[in-house]
Ligand SMILES: Cc1cc2nc3c(=O)[nH]c(=O)nc-3n(C[C@H](O)[C@H](O)[C@H](O)COP(=O)(O)O)c2cc1C
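Residue numbers (our numbering): 70 to 443.
Shown next, in the form of structure tokens:
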């Protein structure tokens, strides 16, 4: 193995890797204000990093936002709730960027009518107008956009004070949602045990597994090619360890041939993540309309940016919230534990802690999300 390693490493270094370029301030050179603020919006957190957005430019200061019907997760997110949350996060980053550059955005949600919350419609999610304004004030959360990352590594054994956690609530500005959290060690353990069981349930179905496998990128070449999806980098695997893992242990071929090994890895990884949570937090809405899902996405993005500002690592673990039948019994138990009022929806559940940062996730090119096909 020793003699092979240098060639693996030099092989990696020789290839240009551009799929992370959007995370650098120097990439923000677009003269068109629409493209400039969209170049920040695409950095939004989003389910499976599937990047489900289409943008239709309609006039020099206007555009519409749509769901890309080819970028859905029908097995793990059957009603596209998480897809709409992802769009909300996109809109929030768009808004933060507009303010930073001295513009306000006027957002008209669902301009062709509210969408049914069990269907994915080809109608726009939002119509957005950009207005140059002297009263546009930058929001300090903008400064954390390039540092925010869903950190999936093991967190340090270092408690988070209630004072710090309370500061997360300062990021909320839409009163459709409420943020709750716990750092009580006993409750942390119970929640972790439930999230571990939820991952077990999720991986028991081969179609759900396949969906995740399809979105998993096994090496930098795949990341550069697809510019979307999940990888081991965010779990803190890097450098020589990553080169070895990619070359000898984790390949698409191996995973396709032994799918149970892939799901076992997912279960082990979740356990390591959940068991090292120093706090859990969750965002809840009174109902579960498409509008609430969008607004919770905006709120989630703000909370994640605030956590980044506070030096906290953060990662959602969504399996217990998924809406397929075999999760419903455990989900009811979970909602009872958290004392969620009847009919309310937990939209996001995430763990928090302290940990070194990890590499960003890749993004598609801006030009590939802009369409005139409607
Ligand atoms: C609605 C939603 C659900 C998510 N669920 C999970 C999850 O269950 N597990 C996980 O590790 N990350 C989850 N994430 C985080 C995404 O994987 C992450 O945002 C995406 O890979 C992009 O990476 P970034 O947030 O570092 O930019 C979720 C994000 C969103 C917005």
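No residue lacks a Cβ here, since even glycine has one placed at the ideal position from N, Cα and C.
Predicted model, so just to flag it, every value in this text is computed and none were measured.
Kindly give me the distance between the Cβ atoms of residue i and residue j, rounded to whole angstroms, as I take these residues to be in contact under 8 Å.
i: residue 189; j: residue 138; result: 6 Å
i: residue 107; j: residue 163; result: 7 Å
i: residue 388; j: residue 267; result: 4 Å
i: residue 351; j: residue 249; result: 6 Å
i: residue 363; j: residue 178; result: 6 Å
i: residue 102; j: residue 170; result: 7 Å
i: residue 427; j: residue 303; result: 5 Å
Ordered along the chain, which non-local residues of its own chain (more than five positions away) have a Cβ less than 8 Å from that of residue i?
i: residue 94; result: 215
i: residue 358; result: 183 and 186
i: residue 392; result: 146, 147, 148 and 150
To the nearest angstrom, how far is it from the Cα of residue i to the Cα of residue j?
i: residue 320; j: residue 131; result: 44 Å
i: residue 400; j: residue 365; result: 20 Å
i: residue 416; j: residue 180; result: 24 Å
i: residue 269; j: residue 219; result: 22 Å
i: residue 300; j: residue 203; result: 42 Å
i: residue 113; j: residue 368; result: 12 Å
i: residue 134; j: residue 278; result: 30 Å
i: residue 348; j: residue 339; result: 15 Å
i: residue 234; j: residue 212; result: 20 Å
i: residue 85; j: residue 294; result: 11 Å
i: residue 344; j: residue 419; result: 13 Å
i: residue 195; j: residue 92; result: 25 Å
i: residue 424; j: residue 410; result: 33 Å
i: residue 322; j: residue 287; result: 10 Å
Can the beta-carbon of residue i be found closer than 8 Å to that of residue j?
i: residue 217; j: residue 377; result: yes
i: residue 222; j: residue 308; result: no
i: residue 263; j: residue 404; result: no
i: residue 110; j: residue 166; result: yes
i: residue 152; j: residue 175; result: no
i: residue 229; j: residue 265; result: no
i: residue 370; j: residue 158; result: yes
i: residue 272; j: residue 335; result: yes
Leaving out five residues on either side along the sequence, give the residues of the same chain with a beta carbon under 7 Å from the beta carbon of residue i.
i: residue 206; result: 168
i: residue 89; result: 429 and 431
i: residue 435; result: 104, 107, 108 and 111
i: residue 127; result: 133
Quick one: residues in its chain with C-beta nearer than 6 Å to the C-beta of residue i, no 5 flanking neighbours on either side, listed in chain order?
i: residue 381; result: 421
i: residue 372; result: 237 and 240
Does the CB of residue i have a neighbour CB from chain C at under 8 Å?
i: residue 410; result: Protein chain content of the structure displayed is limited to a single chain, and chain C is not contained in it.
Measuring from the CB of residue i, is there a heavy atom of ligand 3 at a distance below 7 Å?
i: residue 155; result: With respect to ligand 3, the structure offers nothing, as its ligand set consists of ligand 1.
* Asked: Can you list the alpha helix (DSSP H) stretches of 4 or more residues lying completely in the segment 317 to 383, in chain order?
  -> 321 to 326, 328 to 344 and 359 to 378
* Which ranges does the alpha helix (DSSP H) cover as unbroken runs of at least 4 residues, wholly within the segment 229 to 263, from first to last along the chain? -> 231 to 236
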